[in-house]
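In the UniProt record's numbering, the protein residues as written are 1 to 564. Built from N, CA and C at the ideal position, the CB exists for glycine as well.
Here it is, written out as structure tokens:
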């Protein structure tokens, strides 16, 4: 017969009495807990916990004896079940809030140890700044919470509301350069040059090119290479900031662009073994040599070549002001040739006034007229030659020059057709202004000037050393003759029947408020394009060429790619 079971034996081994009592009480408690009924509206999380209970824990609930690890796991599951019950009691509001916050959560990599029980590495948390990181591809309404305020819009780019849509690509994308808006990396010489270019103090193509190279020469002389960096690399980066400032002040001319490309190529080819002082000295000498050969000596050669084509008794027609045309006319006058010059000018810059003053000081006979009277000038005066300056000679042989040059060239050629004599149109241009770019009109490639320059406004009397004083003006208009003249002017002003002095006391011309008038736009284009068939000859330092030979010169000497 089998022996009677000893209460101190369990699993064939003798167990202490104390362990027996403890295990019995825990098993009874587990059995009692498992017999408790659950409410019908129990949450889904509690159901998952019960279904995923390990077999050993289930046996403990049935009265089996548990080890220490099993007891700890049982307590964790009981605590999780109680938390799930509390969450279920809160109902739908908590679930709705969780669903609302879920799209705003962003994944953040965990920096702590992973815990497989809590699953913290699957949770989406807010960023450290408190803002919700947007989900990729989520709509804008989903990214914003119920109480979230729309972020402030980004700073808009500079936009002029009164722009002609057809020429919108020519307008600057930001405001012009100012002294306050310049960065600390801009050299003082470049700052001064940028302001002068912006205000048209330096206006001609050659003057802008020379001033730019001299400013960059000062930049190079004051430059110091940082340690561990080659001069040929870091100096180019430093120059790019200066070039961007000048471009913001005013678009670069063709001669400026070609000279800058030449300078960049020169810097990039500097030997690495040269010291900073030797490299800077070499660059400064090269800049001086470029100015002398490509501009100064080139102008002398062009002036000598063009002077040979001026004969006694010629009537030379020119437009606005060109430094090389002015030098040619003065050189011909000093050689003893007798001829007459007609200068045609136009607003708003009136560059021909300075041209006329220079020629009159040199002793030439000059007549001055506006562009609106060009037809009468060509018909009534025996114009024999037409000299024009150039801002650039394009790759298709067209002339890119100051706005109005095309009309002067066309009227000169038309007069050749109507009369027996032929009026040659001669262009004086250095090869530094030659380019491979081609343009068929003045729309694609041009520069937009200040539209307010077209508005005539009243300017009060300003005292200067060259102008007459107000007292002298009053004395000249005083007396009987002055009174009569003043009465005549007043009568002429009121001839139309309206009192202009009372209605417009400031002396304005009616365009002062053009920005406030709907549908009124002002466009001030700086350049125009003259087709090659209206030109007869192009004189450069290489000699006299037909306009169709410009592409050949580009490939040999004057191309901007060849300069780079």
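How should residue 212 be labelled, buried or exposed, when 16 other C-beta atoms within 10 angstroms of its C-beta is the threshold for buried? Counting from one through the chain shown, the residue named residue 212 turns up at place 212. By the 10 Å Cβ count, residue 212 comes out buried.
Of the listed residues 534, 226, 451, nearest to residue 513 (C-alpha basis): To locate residue 513, count along the chain shown from 1; it is residue 513. Comparing Cα-Cα distances from residue 513 to each of 534, 226, 451, the minimum goes to 451.
I'd like to check one pair, residue 404 with residue 346: are the Cβ atoms closer than 8 Å? Residue numbering aside, residue 346 sits at position 346 when the chain shown is read from its first letter. Residue numbering aside, residue 404 sits at position 404 when the chain shown is read from its first letter. Yes, the pair counts as a contact, with Cβ atoms nearer than the cut-off.
Taking the alpha helix (DSSP H) that residue 432 belongs to, which residues open and close that run? Taking the chain shown and counting its residues from 1, the one referred to as residue 432 is at position 432. Note, residue 432: premise wrong, no alpha helix (DSSP H); not H, not E.
Could you check whether residue 325 and residue 383 sit closer than 8 Å to each other, using their CB atoms as the reference points? The count along the chain shown starts at 1 and reaches residue 383 at position 383. The count along the chain shown starts at 1 and reaches residue 325 at position 325. Contact flag unset, no.
Could you pull out every residue in the same chain whose Cβ sits closer than 6 Å to the Cβ of residue 184, ignoring the five residues on either side in sequence? For the purposes of this step, residue 184 is identified with residue 184 of the chain shown, where counting begins at 1. Same-chain partners within the cutoff: there are none.
Among all the DSSP beta bridges, which residues are the ones paired with residue 218? Reading the chain shown from its first residue, position 218 is the one you call residue 218. According to DSSP, which records beta bridges pairwise, residue 218 is partnered with nothing at all.
DSSP beta-bridge partners of residue 292: As a position in the chain shown, residue 292 is number 292, starting the count at 1. Paired residue(s): none; residue 292 is not in a bridge.
Do you know how far the Cα of residue 203 is from the Cα of residue 363? Sequence index remark: in the chain shown, residue 363 carries index 363 (1-based). Sequence index remark: in the chain shown, residue 203 carries index 203 (1-based). Cα to Cα, the separation comes out at about 25 Å.
Could you tell me which of 539, 168, 78, 69 sits nearest to residue 449, measuring between CA atoms? The residue labelled residue 449 in the question sits at position 449 within the chain shown. Residue 168 is the option with its Cα nearest to residue 449.
Using alpha carbons as the reference points, say which of 399, 343, 310 lies closest to residue 334. For this step, residue 334 is matched to residue 334 along the chain shown. Answer by Cα proximity: 310.
Report the CB separation of residue 433 from residue 255 in whole angstroms; it is logged as a contact under 8 Å. Locating residue 433 in the chain shown gives position 433, where the first residue counts as 1. Locating residue 255 in the chain shown gives position 255, where the first residue counts as 1. That belief holds up - the Cβ atoms of residue 433 and residue 255 are roughly 5 Å apart, short of 8 Å.
Enclosing beta strand (DSSP E) for residue 345 [first to last residue]: Locating residue 345 in the chain shown gives position 345, where the first residue counts as 1. It spans 340-345 - the beta strand (DSSP E) in which residue 345 sits, taken as one unbroken run.
Considering Cα atoms alone, identify which of 232, 206, 250 is closest to residue 200. Working through the chain shown from its first residue, we reach residue 200 at position 200. Residue 250 is the option with its Cα nearest to residue 200.
If you draw a straight line from the alpha carbon of residue 320 to that of residue 353, how long is it in whole angstroms? For this step, residue 320 is matched to residue 320 along the chain shown. For this step, residue 353 is matched to residue 353 along the chain shown. One C-alpha to the other measures close to 8 Å.
Under 8 Å, do residue 428 and residue 539 count as touching if we go by C-beta distance? Start at 1 with the first residue of the chain shown, and residue 428 comes out as number 428. Start at 1 with the first residue of the chain shown, and residue 539 comes out as number 539. Yes, the pair counts as a contact, with Cβ atoms nearer than the cut-off.
Leaving out five residues on either side along the sequence, give the residues of the same chain with a beta carbon under 6 Å from the beta carbon of residue 205. Your numbering for residue 205 matches position 205 in the chain shown. Counting only Cβ-Cβ distances below 6 Å, and skipping sequence neighbours, we find 253, 255, 391.
Excluding five sequence neighbours on each side, which residues of the same chain lie with their C-beta closer than 6 Å to the C-beta of residue 365? Here residue 365 corresponds to residue number 365 of the chain shown, with the count starting at 1. These residues qualify, in order along the chain: 340.
Using CA atoms only, rank isn't needed, just tell me which of 187, 182, 181, 176 is closest to residue 197. Locating residue 197 in the chain shown gives position 197, counting from the first residue. Ranking the options by Cα distance to residue 197, first place goes to 176.
Assign residue 547 to one of two classes, buried (16 or more other C-beta atoms within 10 Å of its C-beta) or exposed (fewer than that). Reading the chain shown from its first residue, position 547 is the one you call residue 547. Buried, because 16 or more other Cβ atoms sit within 10 Å of the Cβ of residue 547.
The ligand FAD and residue 68: does any heavy atom of the ligand fall closer than 7 Å to the residue's C-beta? Of the ligands one can find in the structure shown there are none, so the ligand FAD has no counterpart to examine.
Rounded straight-line distance, which links the Cα of residue 394 to that of residue 400: Here residue 400 refers to the residue found at position 400 of the chain shown. Here residue 394 refers to the residue found at position 394 of the chain shown. Approximately 7 Å, taken between the alpha carbons.
Sorted by chain position, which residues of the same chain lie with C-beta nearer than 6 Å to residue 228's C-beta, five sequence neighbours on each side aside? Position 228 of the chain shown, counted from the first residue, corresponds to residue 228. Excluding sequence neighbours, residue 228 sits near nothing in its chain.
According to the neighbour-count rule (16 or more other Cβ atoms, all chains shown, within 10 Å of its Cβ), is residue 66 buried or exposed? As a working mapping, residue 66 is identified with position 66 in the chain shown. Its Cβ being crowded by 16 or more others within 10 Å, residue 66 is buried.
Cα-Cα separation, residue 545 to residue 317: Position 545 of the chain shown, counting from 1, holds the residue named residue 545. Position 317 of the chain shown, counting from 1, holds the residue named residue 317. So the alpha carbons of these two residues sit roughly 20 Å apart.
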